[in-house]
Amino acid sequence: MSRSDASLKRLNPIELPNLRLKDVDYELPVSENFHTEIVQASVALGKDIGIITPTLHSGFLDYSALAALFQDMSSLTPVFIISPNTSIRDRYEQLENGMQYSTAKWPLATVKADKELSDRTKHARSSDAPPGVIFTRYSTRLPNDDISGDIRTVLYDDAVKFEDDRWERFQEWRDRNEIPSTVYFIRDPLGPVYQRVKDDLDAVWAWTPHGLQTILSEDTETRTKSRETVPGATKREHQLIQQKAAGQTHQIHACTDGPVVDAFADLWSAFEELEDAADDINEKQLYVAVGVAKRAINGFTRLLSSLEYSDNYRSEHGKATTLSGRISQVEHIMDGLTGDAAAGRTPVEHVHHALCELRDALTETNSQKWKRGAVLTAMQKVVDENEDLIVVLPDEPARQALQADLRIKRTDFYSEGHQHIHLHTPRSLPNAEPADHLLLYGPPKYQHRWLLRAPQAPYVGVLAYGHELGLLHSQVRALNNEMRESTPNPNDDGFQSQLFTELSTPNLFPTGDEIDPSQSLAPTSSGPYDGISIEIPEQDNIEAGSETPFDDYELVERESERSLDGIIDGSVPDFDSGSTTYSPDTSNSGSTGQRNNGDPDRQVEGCVEVRVKDKKAITLRSTDTLEIVDPDAGTTVKKPASSVRSGEQVVAVEDRDAIRDSVEKLLLDSGHLDIIGYARMWKKQLHTEIERREDSLDDFIRRLEEEGLEKRRSTYRSWYYGEVHLPKAKDSLHAMARAYEMEEVLGEFENVWTANHKIQNIKTGFIDLLKQRSQEVLTANDGGDVDPVIDKDLDIRLSDLDPTDDSGEPFVRVHTVTSVEDVGSVSMSSVKRWRDID
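Counting in my numbering, the sequence shown runs from 3 upward without gaps.
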């Protein structure tokens with residue numbers, strides 16, 4: 003028996019005591035118990051081992067570090083954790099079992115930028131005791147050599163940012179300090195970390211669905227929704243493992259026809275022509291054109307939101323280029339071709355023209371037969387079925403753009419269904435809760451191919467155009483091959499097999515099955531391994547792809563009898579079908595989130611009617627005020643309606659809701675989408691939640707009073723019927739959000755409050771300036787600033803806003819009073835509204 007074999011016989015993983023965290027038992031997902039044994043084996047034997055995790059999360063390295071320390075109690079040398087997950091650091095600090103380990107035995111330190119250590123905890127009895135655990139979230143922060151020489155093992159999470167030079171420095175540091183062992187936690191078997199270390203590892207562990215089923219069947223832990231579980235990630239990870247063990251269905255969601263699909267086909271043909279020309283002419287400028295064109299095609303291919311919203315959020319992101327900007331880059335290259343490269347101008351022109359045609363198809367047609375339509379269809383289906391859907395976007399600007407698209411263009415639908423719709427990026431997905439369905443934006447980017455392994459849903463769909471199918475096939479084939487090669491083969495005879503025999507290794511395959519990784523499996527079939535099984539049709543036969551869970555729903559063109567709005571929601575804001583610019587429906591001004599007033603004929607006593615020369619009148623309470631022009635002072639004076647006299651000139655704001663619509667239109671056209679999305683959120687969601695609960699006004703009042711509010715019934719009434727855009731008090735809005743469990747509003751509370759105040763301040767400033775201009779006309783005063791600023795932060799001036807409504811009537815007018823009469827009691831619906839009279 004070799005030396006390694008002999009050491010295996012002495013391998014005895016130490017069982018950890020029952021740990022607690024904040025006075026609650028620390029629980030692990032079922033897979034982590036075996037991962038812990040692997041870590042202890044690595045420490046005891048001084049071996050480098052890789053663990054391909056069954057989920058996308060390596061969040062229990064605090065427990066693994068403590069297991070490594072327990073495995074070699076005779077040594078005081080530390081464990082070094084490299085992971086972007088700072089909850090690992092925070093939890094280790096609090097782990098205890100009668101004693102707090104980070105203060106009683108193995109203190110915690112982090113690595114500073116200068117490579118020195120910063121103590122997070124100190125030993126209770128020895129302030130100069132060395133750390134037992136060293137943590138860093140940055141792969142660039144490696145301890146100085148005088149510290150590193152004592153490190154016994156490294157726990158390396160491959161989710162940490164990777165760059166070639168960083169990796170080289172890590173390897174040099176590791177070799178220089180003769181680190182005895184390293185355990186790599188791998189979520190991406192195709193990623194740069196695993197591809198660089200896999201041939202040098204002493205052992206690799208990867209789960210299979212059968213292996214997960216085995217440990218689940220042996221799990222005796224009772225987990226209920228009501229019982230608290232720590233860490234919080236444990237319950238989620240356990241659910242994801244259950245889902246992985248049960249098996250997942252992967253499907254293509256193909257976009258097969260329509261003007262956008264046709265435009266992509268023309269663009270891809272033009273791009274192939276450009277590639278051929280670049281190879282033939284062999285000039286750098288043309289290869290640059292190929293690269294820019296390819297990035298443009300990739301960007302448009304991954305688009306799930308309206309193009310205008312995508313451009314808006316990408317322009318605000320420091321490292322993102324707008325899709326419209328990509329087209330401009332191609333045009334710039336085309337115009338600058340010189341020398342031999344000029345011979346390739348025609349194919350570049352063809353690509354530029356095809357990109358413009360694609361842009362127009364996305365913005366100037368009503369077709370929803372592209373990825374955005376597929377996403378909206380899926381959203382509608384899951385909301386109707388009371389299920390949950392995760393949509394994975396390529397990056398944060400794309401996520402923000404789709405969220406704004408839903409909040410602004412699909413306001414009613416998103417308010418009703420936002421709890422079922424979860425938008426994620428590759429950065430946030432590993433921590434996402436399980437859902438019923440997951441939709442990927444397309445074949446993932448090269449560095450995100452691990453998204454195909456996402457266990458977050460039993461049904462995983464990949465949105466795809468025809469030209470993406472070859473890429474997806476390549477990605478699935480590579481992932482399946484890697485998992486087959488990396489999964490331990492029980493028929494092998496070597497150190498790895500001997501190691502896993504000595505540990506309490508679960509059966510990865512059914513007993514008696516002959517396992518041969520070289521056996522003939524279809525490239526897009528996972529077989530018994532933790533891979534991907536998906537049917538990918540040929541590009542020229544894309545319609546033959548498998549059915550999806552959403553095929554019984556269809557988005558219909560607006561010109562047809564069944565409109566898109568009718569399918570998604572019957573009361574979304576109106577948009578001009580010829581452009582992507584917002585056009586509010588002023589005939590329903592202020593209706594977003596507004597309930598029908600249940601008592602429009604409620605009588606208001608002590609009213610007066612003010613009539614003016616322009617055949618208009620307004621009914622007010624006698625105590626309500628009007629602004630009267632004082633020509634001598636060049637200002638206005640507020641007077642009670644009962645004190646207004648015939649012949650006086652009153653400044654009238656005709657329709658304040660129409661003015662707010664005008665302000666919102668400007669903000670949307672200027673790209674300030676978040677302001678509009680946040681501003682509308684609370685009112686729409688409140689309306690939805692009241693309808694969901696079928697609450698009467700009395701029910702509404704009772705809920706708010708239970709939250710500690712004490713308001714007049716008229717105030718509650720105005721909130722209930724959606725008559726105000728924002729409560730006056732911040733506490734009132736927060737109470738409503740709590741009472742009706744509006745989690746999204748609570749989560750974005752400051753943004754919601756600030757956005758509404760921003761719109762309100764712009765609206766007020768606009769009205770004040772319009773009033774001032776009206777006075778100046780009457781008093782012949784010089785207006786001073788020709789174009790005064792309304793909002794300095796957003797650079798909004800008076801000239802940016804149209805002072806008239808859709809019919810061309812001014813928002814603010816000055817009328818000459820002809821009479822003021824007592825009219826007694828009138829209906830509430832008639833008060834404070836200018837109306838035409840004979």
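Glycine included, C-beta positions come from ideal geometry on N, C-alpha and C.
Between the alpha carbons of residue i and residue j, how many angstroms are there, rounded?
i	j	result
Ile769	Val814	7 Å
Ser579	Glu366	Reliability fails at Ser579, whose pLDDT of 26 lies under 50, so the model's placement of it is uncertain and the value that follows must be treated cautiously. When rounded, the distance between both Cα atoms is 8 Å.
Trp372	Glu359	15 Å
Thr594	Gly810	Note on Thr594: pLDDT 46, under 50, position unreliable in the model; no value is reported.
Gln500	Ala291	54 Å
Arg564	Leu474	Low per-residue confidence applies at Arg564: pLDDT is 35, beneath 50, and the placement is therefore not dependable enough to give any value.
Val156	Leu71	12 Å
Pro86	Gln498	29 Å
Gln287	Glu165	28 Å
Ser832	Pro432	56 Å
Thr717	His759	19 Å
Asp840	Thr621	15 Å
Gly134	Thr427	35 Å
Ala434	Ser672	33 Å
Val856	Asp657	Summary: the structure shown does not reach residue 856, with the chain confined to residues 3 through 840, and so no result is reported for it.
Arg604	Arg623	14 Å
Ser664	Leu771	15 Å
Leu566	Val32	Confidence at Leu566 is low in this model, with a pLDDT of 34, below 50, so its placement is unreliable and no value can be given for it.
Pro191	Thr210	14 Å
Asp793	Asp804	16 Å
Arg835	Leu800	25 Å
Thr582	Asp807	Low local confidence applies: a pLDDT of 27 at Thr582 is under 50, so the model's placement there is unreliable, with the coordinate-based value given in what follows. For Thr582 and Asp807, the distance between alpha carbons rounds to 21 Å.
Ile569	Asp414	The predicted model places Ile569 with a pLDDT of 31, which falls under 50 and marks its position as unreliable; any figure quoted below should be read in that light. So the alpha carbons of these two residues sit roughly 12 Å apart.
Asp824	Gln774	30 Å
Ala731	Arg715	16 Å
Ser535	Pro261	31 Å
Asp571	Asn763	With a pLDDT of 36 at Asp571, under the threshold of 50, the modelled position of this residue cannot be trusted, and the question is left open.
Thr236	Val162	21 Å
Tyr686	Ile692	Residue identity check: residue 686 is Lys in the sequence provided, not Tyr. Approximately 10 Å between the Cα atoms of the pair.
Arg409	Pro457	28 Å
Thr638	Ile630	5 Å
Residue i lies in the alpha helix (DSSP H); which residues open and close that run?
i	result
Asp166	Asp166 to Arg178
Ala643	Note, Ala643: premise wrong, no alpha helix (DSSP H); not H, not E.
Ala345	No alpha helix (DSSP H) contains Ala345, which DSSP labels as neither H nor E.
Val478	Leu471 to Ser488
Lys286	Lys286 to Thr303
Val199	Pro194 to Val199
Gln331	Leu325 to Asp337
Ile149	Asp147 to Ser150
Ser219	Pro211 to Glu220
Asp414	Thr413 to Gly419
Ala376	Lys373 to Asp386
Residue i and residue j: beta carbons closer than 8 Å?
i	j	result
Leu471	Gln370	no
Glu650	Val819	yes
Val353	Leu276	yes
Tyr311	Ala403	yes
Phe702	Tyr722	yes
Ala69	Gln42	yes
Glu34	Tyr65	yes
Val652	Leu670	no
Arg189	Thr55	yes
Glu285	Ala343	yes
Ile153	Thr105	no
For the beta strand (DSSP E) that contains residue i, what are its first and last residues?
i	result
Phe187	Ser183 to Ile188
Phe497	No beta strand (DSSP E) contains Phe497, which is instead part of the alpha helix (DSSP H) from Phe497 to Glu504.
Thr627	Thr627 to Asp632
Sort out for me which residues DSSP pairs residue i with in a bridge.
i	result
Pro492	Answer by DSSP bridge pairing: none, since Pro492 is not bridged.
Gly826	Cys609
Gln651	Thr818
Trp207	Ile53
Val833	Thr621
Within the region 233 to 280, ranges of the beta strand (DSSP E) (whole runs, at least 3 residues): For the region 233 to 280, the full-length beta strand (DSSP E) segments reaching 3 residues or more read 251 to 256 along the chain.
Completely contained alpha helix (DSSP H) runs for the region 671 to 733, where each covers 4 or more residues: Secondary structure in the region 671 to 733: the alpha helix (DSSP H) runs of 4 residues or longer, each lying completely within the stretch, are 675 to 695, 699 to 708 and 715 to 722 in chain order.
Continuous beta strand (DSSP E) assignments of at least 3 residues falling wholly in the region 46 to 113: Taking only runs of at least 3 residues, the beta strand (DSSP E) segments lying wholly in the region 46 to 113 are 51 to 54, 81 to 84 and 110 to 113.
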